[in-house]
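Following: one structure in structure tokens, then a few remarks.
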Amino acid sequence: MVARSNSQVRYRLNNWTAGVVATSVFLTPLALGGNRPAIWGFSAAFLFAWSAIYFGRLGFEDVSLRATTRHFRTINALFWLVAAFMLLQILPIADFLPRSWLALPNEAEPGRSISVAPGDTALALLRWLSYGVIFYLCLQIGANRSRSSLFLKVLFGIVVAHAIYGLVLYFEFDDSILFAEKWAYRGFATGGFVNRNSYATFLAIGATIGSALIGGLIGEANRWLDLLEKRRGLFIFILVGLLFIAAALVLTASRMGFFAAMCGSVSAFAISFLRANKGVSMVAIATIVIVGLIVSSTLLVLYGNVLVERLGSVESAANVRADLYRQVWTMIVDRLLLGFGGSSFDYAYPLYHAAPVSFDLAWDKTHNTYLEMWVSYGVFFGTIPLAILAMCFVTLLKLLRPERKDESAAIAAIGALVVCAVHSAVDFSLEIQGVAYLFVAVVANGMGGVAQRSLTNAD
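Remember, my numbering sits 2 above the position in the sequence shown when you count from 1.
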């Protein structure tokens, strides 16, 4: 009876946790994409407060966690190693280090800390810890198969809601942001985000979730009527949701956002469909492909003229980015070991900024998250977050076993990793908290399958 009571306590707490995380994922992008220090503080405080309640209640009731660090020892160790290094970057220890490790152009003084902007690095550490909290909480959510499946659908619904919100702002409120006049990216759908590319990545992750769910449903169906009758119209809901997401995505006119969405969605759908291991007729497959092409073509014809036009300027945009990346690489080489500090690029880059990179624009981002990691934390520590994601990818692939029926959560997580791996090569969407929260929640929910394998109880 005590064990059953403990199980019920954990079950209720994990259900509440799903609601807390979903609330954070939904609300954060509404505040300018969550890309403001006040939002970083409020959202982190909200998550930390719930974590204190969550772990405090489990400890008081002497209840164990569903997913513990023993399932993810290496990832856990690497996460805290990065956090420790970020803290080290803030400390006033520059005088104790070789000056060659803290090189700056024109013999500029490096300051008292490794970071050239210790305040911003402290905020980067706060964000990193909040991502860790979401990841760990979502592991608990994902450790229960039915909850994980429901949570994935909730996350998809959140992205659909943001797509509708973006379309309403674009069409009904004269292309506004927060129902006020835009100061940037006018003429492009941005939803609650300032930057259209960040909004596009957010939508692309949602498209990937929808594709994973659709692929799973088609794989389970023996005939067309099964898709319409099963699960009370879930198939229709997902299709309509994907239509809203696709419309908003086209209106962002984000070239790489559109390409990343295609990569992630096709990957998720293909994995879901192929692993179902059922004989679905070629007529059904051909019909789905044709309908998809017709819908995509219709959206491009109706709303995609700007996107199509921008595809013609890919070469010139690539040349501009290449010039920027060459200068960024010079920064990386100068501080190969320690970096310039988390979120310090906009302070350090002006020391390196030179022609042919334009002086008419404010270059406060590297427009490449991989380079951003190396600029901020050096090549060694900057590679660790990428290694964590690579380990997540491998773990998720291992979860895709024939005997496991519903793996939509793991497949959606793989698709989300594909989306962000592609888009991060040319932009900074994962550096925007509204996108990062959704991304971490999707990946961790899929990773919860590791705990499903090791536990038999259903809480």
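Positions of the beta carbon are idealized from the N, C-alpha and C atoms, including for glycine.
Query: Integer-rounded CB distance, given that Phe28 should sit under 8 Å from Ile160; Result: 5 Å
Query: Any 3 or more C-beta pairs closer than 8 Å across the segment 80-87 and the segment 380-389; Result: yes
Query: Own chain residues within Cβ distance below 8 Å of Phe158, not counting five before or after; Result: Gly208, Ile211, Gly212, Leu215, Ile240, Gly243
Query: Supposed close pair His369, Gln329 - CB separation, criterion 8 Å; Result: Contact doesn't hold; Cβ gap of about 12 Å is too wide.
Query: Delimiting residues of the alpha helix (DSSP H) encompassing Ser426; Result: Ser426 -> no alpha helix (DSSP H), and no H or E assigned at all.
Query: Pairwise C-alpha distance: Phe195 and Tyr172; Result: 12 Å
Query: Three-state secondary structure (DSSP) of Ala186; Result: coil
Query: Continuous alpha helix (DSSP H) assignments of at least 4 residues falling wholly in the segment 345-390; Result: 347-350
Query: Exposed unless 16 or more other CB atoms sit within 10 angstroms - verdict on Ala446; Result: buried
Query: Cα-Cα separation, Ile390 to Ile220; Result: 32 Å
Query: Spatial distance of Val335 from Ser274 (CA atoms); Result: 42 Å
Query: Residue closest to Glu109, alpha-carbon to alpha-carbon, out of Leu353, Ser115, Ile238; Result: Leu353
Query: Coarse secondary structure for Ile136, derived from DSSP in three states; Result: helix
Query: Span of the alpha helix (DSSP H) around Val445; Result: 435-449
Query: Ile41 (DSSP reduced to helix, strand or coil); Result: helix
Query: As assigned by DSSP and simplified to three states, the class of Ile116; Result: coil
Query: Nearest candidate by alpha-carbon position, reference Met258, set Val420, Leu245, Asn199, Arg277; Result: Asn199
Query: Span of the alpha helix (DSSP H), counted from its first residue to its last, around Ser178; Result: Note, Ser178: premise wrong, no alpha helix (DSSP H); not H, not E.
Query: Supposed contact pair Met449 and Leu141 - C-beta distance, whole angstroms, cut 8 Å; Result: 6 Å
Query: Exposure of Phe430, with buried meaning 16 or more beta-carbon neighbours within 10 Å; Result: buried
Query: Residue environment, Val396, which counts as buried when at least 16 other CB atoms sit within 10 Å; Result: exposed
Query: Residue span of the alpha helix (DSSP H) that contains His164, given as start and end; Result: 147-173
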